[in-house]
Each structure stands twice: as C-alpha cells, then as structure tokens.
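Below: one structure, written as structure tokens.
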Amino acid sequence: MKQTSLALILAAATALGAPSVAQAGPPQLRGVSAEHALRVTCLRDDIIYFEFAAADAADAPAAPPTPMVAMTDWPGPTTIEPTDRSSFRTPAVQVSFDPASLALTILDLASVRPLELLTLRPLCLSPDGCEMSIRTQCDANAYGLGEQFDRPGESDGDWIGRVRKPGNAYGNGMEKFDGAWIGNAQFPILYALGDGFDNVALFIDDVHAERWDFRGQPWSFRTTGPRIAGYIITGPNLPDLRRDFMQIVGRPPVPPDEFFGLWVSEYGYESWDELEGVLQTLRQHDFPLDGFVLDLQWFGGITLHSEKSRMGRVAWDTERFPQPAHKLRELREKYNVGVIPIEESYISRGLPEHPTLAERGYLVRGRNGDSPLLLDEWWGVGGMLDWTSAAAADFWHDLKRQPLVEDGVFGHWIDLGEPENFHPWARYAAQGATGPDHAANANLYNFRWAESIARGYARHDVGRAPVILSRSGTCGIQRFGAAMWSGDIASRLSSLAAHLNVQMHMSLSGVDYFGADCGGFRRDRLDGDEDEMYTVWLAHAALLDFPLRPHTSNLENRYPTAPDRIGDLRSNLHNVRLRYALRPYLLELARRAATDGEPIAPPLVYYFQDDPAVRRMADQKMLGPRLMVVCAPWYGATVRDVYLPRGVWRDCYSGREYRSAGECIRDVPLRDAEGVFRLPLFERLDARLDGEAAIAR
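Each residue of the sequence shown is one higher than the one before, counting from 70 in this note's numbering.
Listed below in structure tokens is the structure:
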C-alpha cells in the first residue's frame, strides 16, 4: 500500500496556547491515503467543513461551494488546539481522522461524556460516483432530507429503517404515489438525534442524485457526483442546528401579508368572467380572500404534441383575459384580490420566442452542443429555457416577467421545474459541479429559475421580494422567496396523511412555506366522500399550508375548488376565518424565520427534543413556539387522543387549561356543538411571542 501522507495546516496564530485564529482564517487538516484524499476546515468552533475526493485530487484546489451555499465568509474557531498531526480541538469539538482509512471522527466536547457525533468513512470515490458510511451515537432518530412520499395513510415516522431515494436517476423528479404523481426533491440536510439533547447535523454540499440508507448501522450515503463534501454542524439542541443550517444556505424573506390569506386555484380558469364568478360567490358567503392562481389557460393553453402549442408564450391571451393591467388593478382596488399566473420553462417551436432564444443560445442544447434540444411532450413540441445561463434568465425576465410585474401580478407560479421533461444527454450553459451535462445541473434547474426571479426584482427595483410558488427545488431556494408544493397529489386523505409526514422533513430542511393542492389535484382518484375529504383537507391546510391554496384538475368543470362550493360550508368558513385571525401571529413567525432562521410549522421534536413520545410524531405539529395543531386526516372521525408535552396548555376552543408532565388526553372532539369540523388547537402558556392578540381572538 502507498504510504499515507498527513499534514496539519495551521497558521502560526493557531499554535498551542494561541488565543485566536480569527485573523488567520479557518485552519485546515489534510490527509492522503492510497485511494482517497481528505480536507477538513474548521469554520467555527461548532461547524466543520470536510471534503473527500480521489487521491489524485489531493493537491487540487478545494472545490468551490455549490450555489446552495449562501455563507462563504467564516472567521475560524475562537481557539484551536492541535493534539497531533491528524487531529485538533476547539471549545466545542474534537476532530480527528484515521491515517489509514481517512475516516473522519467528530467528538462532542460539550457533552458530559465523550460522545461520537459522527464518523464518516469514505468507501468509494470516483468520477462516476462516491459512497461513504456514517456512524453515530446519535442514531435514535433522523430527519430532514427534503421531500419523499412513500407510505400512504401514515403521518408519523422519521428516516430510521427507511431509504431516502432520488426521484429519478438524476435526483429531483415526479413519482407515482397513492394513485397520482407527487414531487421528490432533494434537500441534503440530515439531523441525527440520540438520547436527550445529543444531536448533530450533516449538510452534504452536493447537487447530484443521492441515496441515504438508514437500515441499520452504519448508515450509508451514495452520490453520483465525483466527491463528497459538506458541513458537520454541532450544537446543544435541534433549534441551534437548524439556525446554523439556515445561516449556511440562507433564510427566507418575509412574504407580503396577502401571502398568508386564501388563494383559490384550479386547472384552470378560462376567462376573467369565470374567475369573477367564483369571486362573487365567495364574497356572498362572507369568505375572506386574497387572490387567485391562474393555470396555463391564462396564456392560451396548450396543444398536445404540437409545435403550435402556446406553451412558453408567458403573455396574456387577451381574447379570454382582455385588458389585463386594467383588470388586475380593478381586482386589487375593488376587491383587494391579487393574481398569480403560472409559467413553465418549455418553449414551443412554433412561437416567435423560440428562434429568438435559439439565436442567442439561451435554450438548453442537444447532444452535439450546437442546436437546441427538441422535446415532443404533452405540452407541445419545442425547447427548454436554460436557467443556468444568467444571460438567458435575465433576458427572459426582462422580456416576459417584468411586464407582468408592471401589469400588477402578485407573484409567480413556476411549474415543471424538476425538470419534468429532459434528455440525459442535454447540455447546459453552466458548468455545474462537474460540467454542462444534465446530471450536474438537473437539481439546480428550479433553484436557478427562482434565483433569476429574485435577481430580476432587484435589478428592476421592485421594492419587495418576489412571491414564488415552485414544484421543486433544493437547499437555498427559500432565500429567493420561493414556497413549494407537493405536486399533483391525489384527492385522498391517505395522501394528506403522508403529506403531513413530508411536511415535517421539509420544515427541518429549511422550507417554511410548503403546502399541497388543497383537496387534491387528482379528484378522479377520490377514496371516500368528496365533501368530507375537502373539508378535512381544508382544515389542515388552513393551519399548516403556505400558501393556503385549494387546487384541482377541473378541465370539465366537474370539480369545484372554492370553499363555498364544496364540502361543509360552515366548517370551511370557520377554518378560513381562523387562518385570517392567526395572520398577525403568522407574520411574526415569518419575521423570526427571516431574521433568526426559526421554523414556522416544525414537528414537536423541535421544541421538545428530550421527550421520547414526540420523536416520530408528525400528526401533531407546532405552529411557532406557541400553538400546537392536532391533525386528523381520516374519514368519519369525531374525536382523537392528544398528547400534551410537558408544560401548561390551554384548549383554544374550550379554554380549559392542562398542566402536563407529558400526558395524553382522551377523546378530544373534532367538531363543535354545532357540528363544525375543526382541528384541535392548543396554546402553550409557558411560551411567549408577539402576536398574542391574534391567538386570543
């Protein structure tokens, strides 16, 4: 075997006994074995960066961070103590590696006992893919890693015993689930919890397709990328870990007040008249409303497998939607209602926009790298905008999206951005992590799209962050103002239950603004009574979805989505009004998310980490630190048991107070005396937050 070469690279200021290395920059630890190379950088007392690569890359410059990373300026540790040529200590952790295997071990020095937070061991590192094992004493529970549906009807459960798989060979994709199609979006942030407050987070800075296997110890991680690099985040508890992660990838801006209201949608409104008909009946039934979301009919619709399709026009069909600027102003001034139109990345070849983009080199290219990629799909025949080119993205924003902003649209619904349709041999303008191929750019495609919108808003001095609704994404997309929804979900309460589990992991993955097509997109996959399904789903969405957006496929006008037209009217009205009563509180939570990286709707484990009863629980959720939402995604339910973590709680409906040491209360009603369906809601009295007046109401 080739002899191992080791080097501990520390500035003079980091010598034993030196008070600080902040001025010298983050110190590094390096190792090279026969097959592998390791680079470790101490970014802060409690955050360590590492990179595993093939041995022949040992002397190459460190790989730059991916676009997921927002923070790149690190001060280094406050103090550091080299213990030998392959280890060092900070006030928080001891870092060491094995000279033979290069297995990297992080020990928690703040623990009352020696605690192995992580040992990462490279197993295979090659240009075609990499694998490492993950050993930890924090192996009781695992959370995060983004969006994956795999258990209809089940809300509870973490990743232990499961496999986190990519949505396709390249990562983000749509998957068949419970009779419909839902999203699978990679957010490579893992939280591992042990006993009590033992915990660690691992953020893999990689945009390739990944597979995490939690079936036994050690866990395993695989990527199709050529290296494994990331951040090991340590700290006293789960809130500290998530705040540090949000500092690395960026926090979301505060959305406008209207974002937290009711937004009604369907596939799709075919004219202003149809939209205004829904508006009028909602107002007649006293529903508060903040806007409508327009599907692809607003730009003229599509023609299947035809280059004459209007996909990619991103401009008003003025026959069905005449005088758009005037109408948007009228809706805003007369009804306080906004509009969010959809857009996609595909451009039909028969549109004049296609040759314009092709001539400029702004379309994703085919195998030879010269001519635009040509796709023949359900939306038409044409090409694909290359969001990885800043020039292309900025040109399109100025040409298409900025006029819509000036017309008065409230936000932007960006669809099919996994991307849904692609070719593996497509060529992109950006070099990605390894080159211009699809594998290196696929999981950043939706990210770059959202980034270009935020950049366009800044370039045109719009004066606020954009509101974006995206079907896919990855870590960091939230910093551009993007919310996400879970795809074309089935109108089944079993799908709603599974969505509640996904929401738990998305919250810890940094996505505070996440929701579903309320009532389900595929109503033809209904599994029970339609009215009950809708009312139960709306009750959950009113408390947990951001935005609150009923939506379904309704091309034949068979499936209403507005809450005055389906379900139990009184229950729907109660739950929508409850959403509006909570809006001041939600806005305060949004401000805390933007400034401190605090989650809006985390699982109970976030605030009650040392309570074993809540570790796998996702059918009860916190709404900020003050409110607990109790879910009930079932047909025919009239009561359910509720677990109260330790503390003082008040039933928001009855006013009854409970002093709990971690106890279950039985048969909490899901309907009031008049039969109105609403989810149990409990106020945590030993927590305080601005916005209390909203809760009191």
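Think of the CB as a built atom: it goes at the ideal place given N, C-alpha and C, for glycine as much as any other residue.
- G556 and A519 have their alpha carbons spaced roughly 17 Å apart.
- By the Cβ neighbour-count rule, P133 is exposed, with fewer than 16 other Cβ atoms within 10 Å of its own.
- Sequence-distant Cβ neighbours of L624 in its own chain, meaning closer than 8 Å and more than five residues away, are Y336, G337.
- If you compare the alpha carbons of S560, G542, R561 with that of A552, the shortest gap goes to G542.
- In the DSSP assignment, G337 forms no beta bridge with any residue.
- Taking C-beta atoms as the reference points, D247 and R561 count as a pair closer than 9 Å.
- No Cβ-Cβ contact shorter than 9 Å links L473 with W465.
- Secondary structure of Q689 (DSSP, three-state): strand.
- Annotation for A756: P694, R695 place their beta carbon closer than 6 Å to its own, counting only its chain and skipping 5 residues before and after.
- Within the DSSP secondary-structure output, F290 pairs in a beta bridge with M201, W281.
- Secondary structure note for V711: its beta strand (DSSP E) is the uninterrupted segment 708-713.
- About 7 Å separates the beta carbons of S334 and F361, which is inside the 8 Å limit, making them a contact pair.
- Out of T135, L171, P146, the CA that lies nearest to the CA of A127 is found in L171.
- Annotation: F746 is outside any beta strand (DSSP E) and is labelled neither H nor E by DSSP.
- The stretch 324-332 makes contact with the stretch 609-619; the number of CB pairs closer than 8 Å reaches 3 or more.
- Inter-segment contact for the stretch 248-255 and the stretch 588-601 is present: three or more beta-carbon pairs are separated by less than 8 Å.
- One Cα belongs to V181, the other to A122, and the distance between them is close to 34 Å.
- Across the structure, D463 and T148 are spaced so that their CA atoms are roughly 45 Å apart.
- In the three-state DSSP reduction, K234 falls in the coil class, being neither helix nor strand.
- The beta carbons of S729 and P671 sit no closer together than 9 Å.
- The continuous alpha helix (DSSP H) containing E402 extends over residues 393-404.
- Taking C-alpha positions only, D167 is separated from D227 by approximately 31 Å.
- As the crow flies, the alpha-carbon of R190 is around 20 Å from that of L214.
- In this structure V232 is exposed. Its beta-carbon is surrounded by fewer than 16 other beta-carbon atoms within 10 angstroms.
- For the set V109, E343, Q392, G451, the Cα lying nearest the Cα of R158 is the one of V109.
- It is roughly 20 Å from the alpha-carbon of A179 to the alpha-carbon of Y675.
- Runs of the alpha helix (DSSP H) lying entirely within the stretch 459-507, each at least 4 residues long, are 459-465, 471-476 in chain order.
- When secondary structure is reduced to three states using DSSP, W367 falls in the helix class.
- When Cβ pairs closer than 8 Å are counted between the two stretches, the stretch 471-486 is seen to touch the stretch 405-420, the count reaching three or more.
- With a contact defined as Cβ atoms closer than 8 Å, F390 and W341 qualify at about 6 Å.
- Of the other Cβ atoms in all chains shown, 16 or more fall within 10 Å of the Cβ of P295; this residue is therefore buried.
- Looking at the backbone, the Cα of D115 and that of T141 are separated by about 16 Å.
- A distance below 8 Å between beta-carbons, with the five flanking residues on each side excluded, links D355 to the following residues of its chain, in chain order: L642.
- In the three-state DSSP reduction, W456 falls in the coil class, being neither helix nor strand.
- The Cβ-Cβ distance between I416 and G369 does not fall below 9 Å.
- In the structure shown, the three-state DSSP call for Q316 is helix.
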